[in-house]
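Colleague: Final position of the sequence shown in the numbering used here is 104; the numbers increase by one with none missing.
Please find one structure pasted underneath; my questions will follow.
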Amino acid sequence: MTAAPDREEDGHNDVNPRDYVSSLARGLEVLRAFNRTRRKMTLSEVASETGNTRAGARRILLTLVREGYA
């Protein structure tokens with residue numbers, strides 16, 4: 035699993051939990067899992083790398099494809 039940026043260091047720890055969209059955060063974590071050297075991963079690799087279930091990773095990936103991000 036990749037490390038997320040430390041929210042206390044970048045000043046984002048003051049976000050009200052009601053204003054935080056966890057599904058968006060999970061989607062962004064999937065995007066961060068891919069980089070210039072790691073352009074292809076299996077569904078299991080994405081799930082493992084991001085801490086999502088395989089079903090959750092699949093839904094995120096399908097959404098990213100449908101929205102033109104992959």
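A virtual CB, placed ideally from N, CA and C, is assigned to each residue, including glycine.
At what residues does the alpha helix (DSSP H) containing Gly-61 begin and finish?
Modeller: Segment 56-67, the alpha helix (DSSP H) holding Gly-61.
Colleague: DSSP three-state call for Arg-52: helix, strand or coil?
Modeller: Correct three-state label for Arg-52: helix.
Colleague: Could you spell out the range, first to last residue, of the alpha helix (DSSP H) harbouring Arg-93?
Modeller: 88-100 is the extent of the alpha helix (DSSP H) around Arg-93.
Colleague: From the DSSP output, in three-state form, read off Ala-81 for me.
Modeller: Correct three-state label for Ala-81: helix.
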